[in-house]
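Peer 1: Chains as they are written, first to last, in my numbering: chain S, 1190 to 1482; chain D, 20 to 271; chain Y, 126 to 430.
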Amino acid sequence: MTAAVIILSVILAVVAVLFLLEKKELANIARQLSELRDQDTNRLINGENGTADKLIVEINSMLKDIRETKAQYNKKNHALEQMITNVSHDLRTPLTSAMGYIDLIQNSDLSEEEKSRELAIIENRLVRLQELINSFFELWKIISFGKSPERSNVDAVAILEEAIVHYYDDYCSRNRQIVFNCNIRKRMISSNRDMLLRIFDNLIGNALKHGDGDLTITVIAGDDMRITFENAIISQDIDTEHIFDEFYTTDISRTKGNTGLGLAIAKQFTEMLGGTISAAISDGKFILSVTME
Amino acid sequence: MINIMKADLYRIIRTKGFIIFWLVSLFVSLTSIANHEPGGIMLGGDIDLNADRKLDIIQTGMNLVYYFLLIMPVFSTITAEFTEHTIKNTITSAVSKGRFYFAKTLFALVYSLGCFLCANYLFYFINRAVNGSKYSSPLGEYSKVLFGQLPVFVAIVSLFIFLAFFFKKGAAFNSIVILSPLMYSFIMSMLFEFDSAKKLAEKMMKFEISSMIGKLAIGCSHSYRINCYIVSAVITAVSCALGYLIWKKREV
Amino acid sequence: MREIVLQTKKLTKSYGRSTALDHADMTVYKGDIYGLIGRNGAGKTTMMKLVTGLTDPTNGEYSLFGKTGMAADREKRRIGCLIESPAFFGNMTAYQNLRYYCYQKGIADRRQIDEVLELVNLSDARNKKFKTFSLGMKQRLGIAFAVLDNPDIVILDEPINGLDPIGISELRETFRRLSQERGMTLIISSHILSELYAVANRFMFIESGKVLKEVSKSELDLECSRCITIGTDDTAKASNILERKLGITDYKVIDSREIRIYDEKVKPNIVNKTLVQNDVDVMKIHESGVSLEDYFKQLVGEVKS
């Protein structure tokens, strides 16, 4: 009889303690939730005694989802903001320079010959400005809409050749060459002509600005089409992981005449066309490879 | 608070001290069960080992071995945090200094006494199963004896906790804790040599730790029992209060 | 204005007669990667110990997320830190050690442990005992511990110590991810300025317990990058002259009154002469170009003399 009473009261005490602990834990969860609501924080809900762990895990995974969404939104915003600040500097430089030349033409006695030379420089500056504005706009479109491009059957090799032609003179004038290794005449792929041209343009232009020596372009056609762009490097500290980030330049403190957008656009476009792009450095050579289906 | 204690439990069962505690405790219990002879450590306390009590009660009278075994849980919970410097991890994130003291003290007390009770009951039930009622007393009587000893062990563990917080260093803590009962007996026997100090020595003899443990188990006068409890309560209260005050002022 | 997450006001700590930290003011904004730079024994660790509550200040106060005193203590849970060398239980594995701290902090989700181990590249050493770890691994486990409870501020004391170059660059990447993806505010101390320069965006120089200077990265760049700064009213004309007469193309128009030339071959006196000859008012022209370490030495030198 006494034994039964003792056992019963022990059980009762245990149940009562568990009940109280659980109640306390729930109050703790409620308190933390209300705290979290008006804080901008990473914190999740922590248990006080472990009686409601499953509930906490569920609430926390929900909180994480919400924060993830918010973080993505902020990231996009931040990228846009950063782009505007960076671009405004870069837009000002050619513009100010062009204004200076115009001032010169207006206020000094120049021969017709000199004037036309100045005008050519102004044009050059304005073209550069236009390029900048275009790439700025393009990237902005991608960032804000992320729409999928229209596709048609196009000849990738022909487009690549076209891009090479664009830059041929620039390379020649610097005593550099574009070596084109391609064992096929034609390769039809489902893609977008303008975007593809833009990708090749950007990659060849990038090698012109930042690379050294000859640019070797190799087309390897298998099931997928792989195109590699290979050139010697000037700067040793290239961060291949970040090279495709917007405004990446090897020199972080300033951007010289680059927008830092070329490779970012190339990457975005390639991915929108269902391809992949990667960068690597081996034997002092910088290698960019684009793979298209 | 409960979290800290749960964490300590998680960690403590993975320490060497935990294994040693149970191995030694089982070894002592099993040898005494097998030999029908109480076994343990004595320290010059005057207990009547041939008293007309059954094996389990006399064995309880030799519980001094737990004085030494209970060093391990206290060491693992408190001293290890200092020697491994992990205390800063806890204090910088989970709790404040004050709560740390409170949680650790409470855990060390509950856990150590829990181990003490478990080990004794384990002995009791094995003994009862193996040797039968010839060598064992009824559960109620045994419990009464065991719980009668508990205040002394509360005092011992509190003292350990205080010393652990006081010394912080593992070596200092261990040597002081292990040596102090031996020193106590040594001083006591020295005092017996002098006639003038004989009275003091006899008083000390009364409250020598192994005598207290032994007498409380095997049998003593009511007034002696009350005196023992008063001494234990004073030690417990002083250790806890002093420990907290010193801890508050310490730099981590 | 961004939210101030941590601010100290005249924080002072003395041990007996020596002063470890002397009236230190520090302001950390949300999202900063804040670098504390100073030589060994300059007071970096003391600063960190004070704001994490490992020790109490002799004088002065600090606010955490805009709260002071007791309310600030409650906000301590939002700080994760690694102060002095990483300390864990040697006889337990990396996983067990973190599990122990999960219990302590009431982290219900065990997946968090593997997540942070992954973050610091310790997944392979998950079941190795802490005492077998190399210094670099210990350091990384310390960082994993610091971010275990999804803190808002992460305080790391010399996290780069003992890491090899690959480890350092991995860590830098980890810091960037924590800051960008999780929006954490990082406070990192080091005695190597160039290491911190690569990650931090604000810096505090500290020496003999005194705060020498608090600067942002752009301010530091301004003082440390090699360039010629020209102040003029007529940037249009000036840029034109720079290009035509001097053939300088590596320049940038900062605003309507300032141009910077980054071309290292250009001499300021020639630029000045040419500009003045062409009727451009040059209000100021100066060349700046100290290396980071020189800059640091200069700062420390100023205090000594």
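Ideal Cβ placement from N, Cα and C applies to all residues, glycine included.
Quick caveat, the model's predicted, so the values are computed rather than measured.
1. Would you kindly work out how many angstroms separate the C-alpha atoms of S/Ser1362 and S/Leu1397, rounded to a whole number?
2. Assuming Y/Leu131 and Y/Val176 are in contact, meaning their beta carbons sit under 8 Å apart, how far apart are those beta carbons, in whole angstroms?
3. Roughly how many angstroms lie between the CA atoms of S/Ile1367 and S/Ser1478, to the nearest whole one?
4. In chain D, which residues lie less than 8 Å from S/Gly1239 when you measure between Cβ atoms?
5. Put D/Phe226 into one of helix, strand or coil per three-state DSSP.
6. Report buried or exposed for S/Thr1191, applying the criterion of at least 16 other Cβ atoms within 10 angstroms of its Cβ.
7. When the Cα atoms are used, what is the spatial distance from S/Lys1474 to Y/His411?
8. If you drop the 5 nearest sequence neighbours on each side, which residues of the same chain put their C-beta closer than 8 Å to that of Y/Lys218?
9. Based on the DSSP output, what are the partners of S/Cys1488 in its beta bridges?
10. Given 8 Å as the limit, is there contact between the region 174-185 of chain D and the region 111-129 of chain D, that is, 3 or more CB pairs closer than that?
11. In this structure, how does DSSP classify Y/Leu136 when only helix, strand and coil are distinguished?
12. So if I threshold CB-CB distances at 7 Å, which residues from the region 173-196 of chain Y count as touching chain D?
13. Indicate the three-state DSSP secondary structure (helix, strand or coil) for Y/Phe300 in the structure shown.
14. If the criterion is Cβ atoms closer than 8 Å, does the pair Y/Asn216 and D/Thr105 meet it?
15. Which residues in the same chain have their Cβ closer than 7 Å to the Cβ of S/Asn1249, if we skip the five residues on either side of it in sequence?
16. Are the beta-carbon atoms of Y/Asp346 and Y/Thr310 separated by less than 8 Å?
17. Have a look at the DSSP bridge pairing and note the partners of Y/Ile313.
18. Is it buried or exposed, D/Lys222, if we count other Cβ atoms within 10 angstroms and call 16 or more buried?
19. Go ahead and label S/His1267 buried or exposed: buried means 16 or more other beta carbons lie within 10 angstroms of its beta carbon, across all protein chains shown.
20. Closer than 7 Å by C-beta to S/Asp1440: which residues in its own chain qualify, once you throw out the five before and the five after it? Chain order, please.
21. Using only the alpha-carbon positions, how far apart do S/Lys1445 and Y/Phe258 sit?
22. Shorter than 8 Å from the beta carbon of Y/Glu332 to some beta carbon of chain S?
23. For S/Asp1242 versus S/Gly1236, is the C-beta distance shorter than 8 Å?
24. Once you ignore the five residues that flank D/Leu272 on each side, which residues in its own chain have a CB closer than 8 Å to its CB?
25. Rounded to the nearest angstrom, what separates Y/Leu274 and Y/Lys201 at their Cα positions?
26. Name the chain S residues that come within less than 7 Å of Y/Gly231, Cβ to Cβ?
27. With D/Lys217 and D/Phe211 assumed to form a contact (beta carbons below 8 Å), what rounded beta-carbon distance in angstroms separates them?
28. Would you grab the beta carbon distance between Y/Leu281 and Y/Leu189 for me? Rounded to a whole angstrom, and I think it's under 8 Å.
29. Would you give the residue range spanned by the alpha helix (DSSP H) that Y/Gly194 belongs to?
30. For the candidate residues Y/Thr354, Y/Pro290, Y/Val241, Y/Ser210, whose alpha-carbon lies nearest to that of Y/Tyr387?
31. Could you pull out every unbroken alpha helix (DSSP H) segment of at least 4 residues lying fully inside the region 85-154 of chain D, listed in chain order?
32. For the alpha helix (DSSP H) containing S/Ile1476, list its first residue and its last residue.
33. Please report how far the alpha carbon of Y/Thr360 lies from the alpha carbon of Y/Val396, in whole angstroms.
34. Quick one: residues in its chain with C-beta nearer than 8 Å to the C-beta of S/Asn1238, no 5 flanking neighbours on either side, listed in chain order?
35. Quick check on the burial criterion: 16 or more other C-beta atoms within 10 angstroms. Buried or exposed for D/Glu270?
36. Counting only beta-carbon atoms, is Y/Asp234 nearer than 8 Å to chain S?
Peer 2: In this structure, then:
1. Along the first sequence, one-based indexing puts residue 1362 of chain S at 173. Along the first sequence, one-based indexing puts residue 1397 of chain S at 208. Their backbone Cα atoms lie some 11 Å apart in a straight line.
2. Mapped onto the third sequence, residue 131 of chain Y falls at position 6. Mapped onto the third sequence, residue 176 of chain Y falls at position 51. About 6 Å separates the two Cβ atoms, so the contact holds.
3. In the first sequence, the residue the question calls residue 1367 of chain S occupies position 178. In the first sequence, the residue the question calls residue 1478 of chain S occupies position 289. When rounded, the distance between both Cα atoms is 16 Å.
4. Taking the first sequence and counting its residues from 1, one reaches residue 1239 of chain S at position 50. The contacting residues are Ile21, Asn22, Lys25.
5. Along the second sequence, one-based indexing puts residue 226 of chain D at 207. DSSP places D/Phe226 in coil when its eight states are reduced to three.
6. Counting from one through the first sequence, the residue named residue 1191 of chain S turns up at place 2. With fewer than 16 other Cβ atoms within 10 Å, it is exposed.
7. Working through the first sequence from its first residue, we reach residue 1474 of chain S at position 285. Working through the third sequence from its first residue, we reach residue 411 of chain Y at position 286. Cα to Cα, S/Lys1474 sits roughly 38 Å from Y/His411.
8. As a working note, residue 218 of chain Y is residue 93 in the third sequence. The amino acid occupying residue 218 of chain Y in the given sequence is Thr; Lys does not appear at that position. These residues qualify, in order along the chain: Arg251, Asn252, Lys253, Lys254, Phe255.
9. Here chain S covers residues 1190 to 1482 and nothing more, so residue 1488 of chain S does not appear.
10. yes
11. Counted from its first residue, the third sequence places residue 136 of chain Y at position 11. Note: Y/Leu136 maps to strand in three-state DSSP.
12. Thr177, Gly178, Leu179, Thr180
13. Locating residue 300 of chain Y in the third sequence gives position 175, counting from the first residue. Here Y/Phe300 sits in helix by DSSP.
14. The residue labelled residue 216 of chain Y in the question sits at position 91 within the third sequence. The residue labelled residue 105 of chain D in the question sits at position 86 within the second sequence. Contact: no.
15. The residue you call residue 1249 of chain S lines up with position 60 of the first sequence. These residues qualify, in order along the chain: Leu1233, Ile1234.
16. In the third sequence, the residue the question calls residue 346 of chain Y occupies position 221. In the third sequence, the residue the question calls residue 310 of chain Y occupies position 185. It is not a contact, given that the beta carbons lie outside the stated cut-off.
17. The residue you call residue 313 of chain Y lines up with position 188 of the third sequence. Per DSSP, Y/Gly160, Y/Leu281.
18. By one-based count along the second sequence, residue 222 of chain D stands at place 203. When all chains shown are included, D/Lys222 counts as exposed.
19. Here residue 1267 of chain S refers to the residue found at position 78 of the first sequence. With fewer than 16 Cβ atoms within 10 Å of its Cβ, S/His1267 is classed as exposed.
20. Position 251 of the first sequence, counted from the start, is the residue given in the question as residue 1440 of chain S. Note that S/Asp1440 scores a pLDDT of 40, beneath 50, so its modelled location is shaky; the value from the coordinates is reported in the next line. Nothing meets the Cβ criterion.
21. In the first sequence, counting from the first residue as 1, residue 1445 of chain S sits at position 256. In the third sequence, counting from the first residue as 1, residue 258 of chain Y sits at position 133. Note that S/Lys1445 scores a pLDDT of 43, beneath 50, so its modelled location is shaky; the value from the coordinates is reported in the next line. Each residue's Cα considered, the two are about 46 Å apart.
22. Indexing the third sequence from 1 puts residue 332 of chain Y at position 207. No - not a single Cβ of chain S is within 8 Å of the one on Y/Glu332.
23. Indexing the first sequence from 1 puts residue 1242 of chain S at position 53. Indexing the first sequence from 1 puts residue 1236 of chain S at position 47. In this structure, S/Gly1236 lies closer than 8 Å to S/Asp1242 by Cβ.
24. The question about residue 272 of chain D has no answer here: the residues shown for chain D are numbered 20 through 271.
25. Position 149 of the third sequence, counted from the start, is the residue given in the question as residue 274 of chain Y. Position 76 of the third sequence, counted from the start, is the residue given in the question as residue 201 of chain Y. Here residue 274 of chain Y is Asp; the residue named in the question, Leu, does not match the sequence. One C-alpha to the other measures close to 12 Å.
26. Numbered from 1 along the third sequence, position 106 holds the residue referred to as residue 231 of chain Y. Correct list: Asn1235, Gly1236, Glu1237.
27. Within the second sequence, residue 217 of chain D is the residue found at index 198, counting from 1. Within the second sequence, residue 211 of chain D is the residue found at index 192, counting from 1. Indeed, because the Cβ distance is near 6 Å, the residues count as touching under 8 Å.
28. If you number the third sequence from 1, residue 281 of chain Y lands on position 156. If you number the third sequence from 1, residue 189 of chain Y lands on position 64. That pair is no contact at about 17 Å.
29. Stepping through the third sequence from its first residue, residue 194 of chain Y is reached at position 69. Here the alpha helix (DSSP H) through Y/Gly194 covers 194-200.
30. Counting from 1 along the third sequence, the entry for residue 387 of chain Y is found at position 262. For the residues Y/Thr354, Y/Pro290, Y/Val241, Y/Ser210, the minimum Cα distance to Y/Tyr387 belongs to Y/Thr354.
31. 90-93, 99-102, 106-112, 116-150
32. If you number the first sequence from 1, residue 1476 of chain S lands on position 287. Element bounds for S/Ile1476: not the alpha helix (DSSP H) but the beta strand (DSSP E), 1474-1481.
33. For the purposes of this step, residue 360 of chain Y is taken as the residue at position 235 of the third sequence. For the purposes of this step, residue 396 of chain Y is taken as the residue at position 271 of the third sequence. Roughly 14 Å separates the two Cα atoms.
34. Within the first sequence, the letter at position 49 stands for residue 1238 of chain S. These residues qualify, in order along the chain: Leu1210, Lys1213, Glu1214.
35. For the purposes of this step, residue 270 of chain D is identified with residue 251 of the second sequence, where counting begins at 1. When all chains shown are included, D/Glu270 counts as exposed.
36. Looking up residue 234 of chain Y in the third sequence gives position 109. So, interface residue.
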